[in-house]
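Structure first, commentary second.
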Amino acid sequence: MPSAFGKLFGRHSFASKILKSKQAVPEEWKSCALADTPFLSIDLELTSLDTQVAKITSIGWLQGKSQQVDLSTAFYKVIRASGDLAQSPVIHGLTAKDLAQGEHIASAVEQLKTLAESHIWVLHNASLDMQVIARVADALNLPKTQITTLDTMLLEMYFLNKSQDMVKQNALTLEQCRLRHQLPSAPNHNALDDALATLTLAFSQLYQLDKVNSVTIRDLLQTKAFNVFTIGHAAVST
1 MPSAFGKLFG
11 RHSFASKILK
21 SKQAVPEEWK
31 SCALADTPFL
41 SIDLELTSLD
51 TQVAKITSIG
61 WLQGKSQQVD
71 LSTAFYKVIR
81 ASGDLAQSPV
91 IHGLTAKDLA
101 QGEHIASAVE
111 QLKTLAESHI
121 WVLHNASLDM
131 QVIARVADAL
141 NLPKTQITTL
151 DTMLLEMYFL
161 NKSQDMVKQN
171 ALTLEQCRLR
181 HQLPSAPNHN
191 ALDDALATLT
201 LAFSQLYQLD
211 KVNSVTIRDL
221 LQTKAFNVFT
231 IGHAAVST
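Per the UniProt record's numbering, the very first residue in the sequence shown carries number 1; after that it's consecutive.
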């Protein structure tokens with residue numbers, strides 16, 4: 001049975017296709033200094049790693065900039081879900097009642113899309129969450145939007161590839177990445193907690209690359225951690 005890592009990073013995986021598509025990071029982001037870059041850290045709790053069937057059970061995000069987290073921007077919602085939820089509610093601490101009374105995904109996406117182009121989105125394993133977000137955007141018939149992301153998992157892979165020959169499969173979990181950066185253990189399986197843990201990991205990683213506040217995103221493109229995802233349909237001309 002293929003591993004989750006293999007599904008996401010194998011030769012025919014979604015991540016592989018995205019990275020090979022080489023959508024250029026927009027020039028306005030390339031020239032932006034890291035210290036001036038607004039980040040939006042996002043996490044989805046999903047019922048499955050199979051992005052074709054995965055349902056979102058909760059979503060959390062918050063903003064940060066210049067090594068500072070803006071807790072006033074914290075957002076968390078349980079998303080309405082039913083049907084086959086596998087073990088997700090148990091793992092994420094949600095009850096069937098919680099999910100039945102959750103918010104419709106359209107409402108959360110409506111708020112999220114206002115931040116699509118104003119921030120670089122930070123995710124741990126962006127390929128997973130962005131494929132689910134793309135599927136939701138298609139279902140909601142949202143207009144075509146390009147989103148620039150920073151993947152903390154790919155950035156950590158860059159660090160590890162420079163220091164060792166082989167990256168072990170479990171070395172890239174959010175928890176293991178945080179431990180290597182001497183960050184405290186973070187609660188998991190809560191979307192907002194994970195979004196915060198991801199953002200603080202990103203700040204630690206980026207500090208290693210820009211200790212004197214002189215680096216732009218262009219300088220970091222060789223890490224392969226910055227990518228562009230296109231979601232939604234083309235806007236209809238009137």
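Idealized CB from N, CA, C, for every residue including glycine.
Bear in mind the structure is a predicted one, so any value in this text is a computation, not a measurement.
| Check | Outcome |
| --- | --- |
| At least three beta-carbon pairs within less than 8 Å, the segment 222-233 to the segment 153-160 | yes |
| Contact test: T47 Cβ vs the ligand MG heavy atom, cutoff 6 Å | Although the ligand MG was asked about, the structure shown includes no ligands whatsoever. |
| Residue range of the unbroken beta strand (DSSP E) whose run includes T152 | Unbroken run through T152 is the alpha helix (DSSP H), 152-163; no beta strand (DSSP E). |
| Residue closest to A197, alpha-carbon to alpha-carbon, out of S118, H124, V212 | H124 |
| Start-end ranges of the beta strand (DSSP E) lying completely within the segment 171-197, minimum 3 residues | none |
| Cβ-based neighbour list, G232, same chain, cut-off 6 Å, excluding 5 preceding and 5 following | A137, L142, P143, K144, T145 |
| D129 - containing beta strand (DSSP E), residue span | Element bounds for D129: not the beta strand (DSSP E) but the alpha helix (DSSP H), 126-139. |
| Supposed contact pair D43 and S202 - C-beta distance, whole angstroms, cut 8 Å | As written in the sequence, residue 202 is Ala, which differs from the Ser given in the question. No, A202 and D43 are not in contact; Cβ-Cβ is about 12 Å, not under 8 Å. |
| Continuous beta strand (DSSP E) stretch holding L112: start and end | Not the beta strand (DSSP E): L112 falls in the alpha helix (DSSP H), residues 105-112. |
| Proximal residues to S214 (C-beta, below 7 Å), its chain only, five neighbours per side dropped | none |
| Residue span of the alpha helix (DSSP H) that contains E28, given as start and end | 27-30 |
| Within 7 Å, strictly: CB atoms of L62 and A81 | no |
| According to DSSP, residues forming a beta bridge with L40 | Q63, W121 |
| Residues sharing a beta bridge with K77, DSSP | I59 |
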